[in-house]
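Read top to bottom, the protein sequences are chains A and B.
Converting from the first sequence to the working numbering requires adding 548 to each position, the first position being numbered 1.
Converting from the second sequence to the working numbering requires adding 548 to each position, the first position being numbered 1.
Right, one structure below, let's go through it.
There are 2 protein chains.
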Amino acid sequence: MKPTIYHVAEQAGVSIATVSKVINNTGRIGRETRENVLAIMKELGYEPSVVASALTGKHTNTIGLLVPDVANPYFSELARRIEDRGHEKGFSVVICNTDNGIEKEAEYVKWLHRKQVDGIILGTGIQDNRTLHELLKQETPTALVARDSPSLQVDTVRIDDYLGGRLATEHLLELGHTNLGFMLGGLNSSSEEERLRGVRSVMTTNNLSVCEKDIVTDAYTIEEAKQQAMKILTQAQPPTAIFAMNDLLANGVMKAARELGLRLPQDISVIGFDNTLLASISEPPLTTIAQPIADLGTQVTDLLVQEILGEKTVKQRIVLLPSLVVRESTTTIARTPVQK
Amino acid sequence: MKPTIYHVAEQAGVSIATVSKVINNTGRIGRETRENVLAIMKELGYEPSVVASALTGKHTNTIGLLVPDVANPYFSELARRIEDRGHEKGFSVVICNTDNGIEKEAEYVKWLHRKQVDGIILGTGIQDNRTLHELLKQETPTALVARDSPSLQVDTVRIDDYLGGRLATEHLLELGHTNLGFMLGGLNSSSEEERLRGVRSVMTTNNLSVCEKDIVTDAYTIEEAKQQAMKILTQAQPPTAIFAMNDLLANGVMKAARELGLRLPQDISVIGFDNTLLASISEPPLTTIAQPIADLGTQVTDLLVQEILGEKTVKQRIVLLPSLVVRESTTTIARTPVQK
DNA sequence: AATATTGGAGTAAGCGCTTACCCATCTATG
DNA sequence: CATAGATGGGTAAGCGCTTACTCCAATATT
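Here's what the structure looks like:
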């Protein structure tokens, strides 16, 4: 049977209070007693029960992580970083896949609440803020990652999507492209809107406009992305470059292009977003807007942990800046866009 | 303040025992009382504390999942399936990245134990069975996935790696290749050894042999894989086909080949393993040995949950069969292997 | 009508731990 | 030498829940 604090106390000839104090390094305990208790603990292979101590009003040392889908490279890398950092700080992380469903999200949050997790990291792109409001009302430490927090008082770590959109667009314009296509996914729509805002801003500055029919949306898998890309690429006057909102979609676009016999990047330039594993794997290697995923993960975890530990009182919003990573999927424009 | 069972009991004018009974659907409770209590619970927004009930000797409804690295597509897909199934069954999963380190693994297991997780799924490829032995001794329900259990009495779900190795080799031989190269990673070495055993078996049957210098190992990233592949490909008489033990490595091989000016698949055939996202993304699309990842995930979860619930007494070993998925990275041999 | 059943609900003892508070020594102080 | 702090450690009351057991009243049984 698993030894409890009672066994240790008995063996050591002290009270359970004393044992508890040496475990937690609280109160005043003599050198000798402490060492003795420690020895007994080791001898018995005693491990304090997190459950019991949690009941006494302390922490469970657990944080909940909500993401749309861990199988998505972006989120799996993020999850890895968060787990790493959490582990360093003594927290375990329970993972929840919401598929960006408001119902699932709410259900998970309720469940995590019952489990008394110490805090929650929201990495979903849901526009609906109901769950978030609920969370804040309940005073569960909460932090947002890769998601905007429109006018809400909550710790947030995200990238500047607007800037990301600008960077991508500027890159394409510099290469001479003026007829641009865009592919949105839907996994993190608030981010995507911001990026599109960046796009529009740059386009307007350059007296260009983005044609609504060159924007396709709702693609979650590479296959769907390919199908959607087909729509854009088979138009009368197809874009010469496509900006996909994540690397997975960009790969879908490339598949479509290849199937249509277009050469990459000579006939069609493609730029992605995120700079996940997929960007370096793809052929040609994908030019993309890099998110500092590792930093997003560690910083949001730090924020949450500080909040949990009560080490900080003011909420903050951290905005990391994306950067352009040029690889081989984009190049200067070759064919004349007029070919009606 | 969060309502407790006492608040509900008071409001409903019953004892906490009664409330507990309606929550758990145990004991005998009258229709009216039950409905009344239920109503009060809803009204108060009461949520039973998992922590408290866990302390009373029940379950925490949590399982621990140990994998080398969730950022690895294979494991992230697996993790997704396990979380999905776990969630369906009412369990949350806490994720642990061991990087295949025996120390980290042991530490995680100890920690999970303190947390009183109901069970543990081991998806690591560590050869050392110490942790596993420990786990079994402690009677923590444990299940292995994608990992062998040499002579141990533990629930296991895995694929037939030997068969996988055979399938890959047979495919290459059928295409006319006789000079084969192999690239191991190290993430799951027991599996890889089995696969290699499959390879050797087929080779021997065909009066062929595998040259030790055509086997490279220890590659964890795509970059490392590329470097290692270079070694094989720049030999005097390089293989005409390479069998990589996972899709990531296969991509590294393709990168190397491309850098050396080799055409894929005409000059060099590449076959991977796992059939993850990476296999369909890559260019050319990767021929690979498909693991039924979804089934691995759900079945191992089911096994563990049954074990936890005490619904079964005999341990079992489930072996799923891999299959060959032919895409475009392999083709019949073109150049003559003799070119010394 | 007397007894046996059974349905419905309460009592109270813990689960393993934390913590506010109390008590006994021991040493430094005037 | 009496006393005020330190110092070291114990007491006991919970935390929110489950469950074995008890008790009572309403039926069913003979």
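A virtual CB, placed ideally from N, CA and C, is assigned to each residue, including glycine.
This one's a predicted model, so the numbers in the text were calculated from it and none came from an experiment.
Looking at the strands, I want to know which residues DSSP matches up with A:Ser900.
Any answer about residue 900 of chain A is impossible in this case: the structure gives chain A only from 549 up to 888.
Going by the beta-carbon positions, is the gap between A:Ile790 and A:Val747 smaller than 8 Å?
no
At a CB-CB cut-off below 9 Å, which residues of chain B make contact with A:Asn754?
Neighbours of A:Asn754 on chain B: none; closest Cβ ~32 Å, over 9 Å.
C-beta atoms of B:Pro813 and B:Thr878 nearer than 8 Å:
yes
List, in chain order, every chain B residue whose beta-carbon is nearer than 7 Å to that of A:Ala619.
Ser624, Glu625, Arg628
With DSSP as the reference, identify every bridge partner of B:Ser640, one or two as the case may be.
B:Thr610
Identity of the residue in A:Asn755, A:Gly800, A:Met751 nearest A:Leu732 by Cα
A:Gly800
Distance CB(B:Ala805)-CB(B:Arg629) smaller than 8 Å
no
Quick one: does B:Glu718 have its CB under 8 Å from some CB of chain A?
no
For B:Leu756, which residues from the same chain have a beta carbon less than 7 Å from its beta carbon, with the 5 sequence-adjacent residues on both sides left out?
Thr726
A:Val873, DSSP secondary structure in three states:
strand
Residue burial classification, B:Glu742 (beta-carbon count within 10 angstroms, cutoff 16):
buried
B:Tyr666 CB to nearest chain A CB: under 8 Å?
One detail in the question is off: residue 666 of chain B reads as Asp in this sequence, not Tyr. No - not a single Cβ of chain A is within 8 Å of the one on B:Asp666.
For the candidate residues A:Glu655, A:Lys663, A:Thr610, A:Trp659, whose alpha-carbon lies nearest to that of A:His635?
A:Thr610
Using a Cβ-Cβ distance cut-off of 8 Å, determine whether A:Glu595 contacts chain B.
yes
Name the one or two DSSP bridge partners that A:Met731 has.
A:Val764, A:Ala792
Let me confirm a value: B:Arg549 is counted as buried when at least 16 other C-beta atoms fall within 10 Å, else exposed. Which label applies?
In the sequence under discussion, the amino acid at residue 549 of chain B is Met, which differs from the Arg named in the question. Flag for B:Met549 reads exposed.
Candidates B:Thr679, B:Met589, B:Lys569, B:Leu592, of which the one nearest B:Leu614 by Cα:
B:Thr679
Does A:Asp632 come within less than 8 Å of chain B when only Cβ atoms are used?
yes
Neighbour list for A:Ala600 in chain B, Cβ cutoff strictly below 7 Å
Leu603
Return the chain-ordered list of same chain residues with a C-beta closer than 6 Å to the C-beta of A:Val570, the five sequence neighbours on each side being excluded.
Ile577, Arg582, Val585
Since A:Leu796 and A:Leu826 are thought to touch, with beta carbons under 8 Å apart, how far apart are those beta carbons, to the nearest angstrom?
6 Å
Buried or exposed by the 16-neighbour rule on C-beta atoms within 10 Å, applied to A:Val886:
For A:Val886, the predicted structure reports a pLDDT of 47, less than 50, and the residue's modelled location is therefore unreliable. A value from the coordinates is still provided. A:Val886 comes out exposed.
At which residue ranges does the region 667 to 750 of chain B contain complete beta strand (DSSP E) runs of 3 or more residues, listed in the order of the chain?
667 to 670, 690 to 693, 703 to 707, 728 to 731
Which residue marks the beginning of the beta strand (DSSP E) containing A:Thr835, and which one marks its end?
835 to 838
Report the neighbours of A:Val642 on chain B: residues whose CB is nearer than 8 Å to its CB, in chain order.
Thr610, Ser640, Val641, Val642, Ile643
Measure from the C-beta of B:Ile763 to each C-beta in chain A and report whether the shortest distance is under 8 Å.
no
In the DSSP output, what is A:Ile588 paired with across the bridge?
Bridge partners of A:Ile588: none, in fact.
Can you give the Cα-Cα distance for B:Thr574 and B:Thr846, rounded to whole angstroms?
29 Å
What span of residues does the beta strand (DSSP E) with B:Val867 cover, start to end?
865 to 868
Cβ of A:Gly729 within 8 Å of Cβ of A:Phe821?
no
Mapping the DSSP letters down to three states, classify A:Val556 as helix, strand or coil.
helix
Identify, in the order they occur along the chain, each residue of the same chain with its Cβ nearer than 6 Å to the Cβ of B:Thr849, setting aside the five sequence neighbours on each side.
Ile630, Arg633, Gly634
Looking at chain B, is there any beta carbon in it that lies within less than 8 Å of the beta carbon of A:Arg743?
no
Report the residue from B:Leu810, B:Lys761, B:Met778, B:Leu720 whose alpha carbon sits nearest the alpha carbon of B:Val873.
B:Leu720
Am I right that A:Lys863 and A:Gln701 are in contact with their C-beta atoms under 8 Å? What's the rounded C-beta distance?
5 Å
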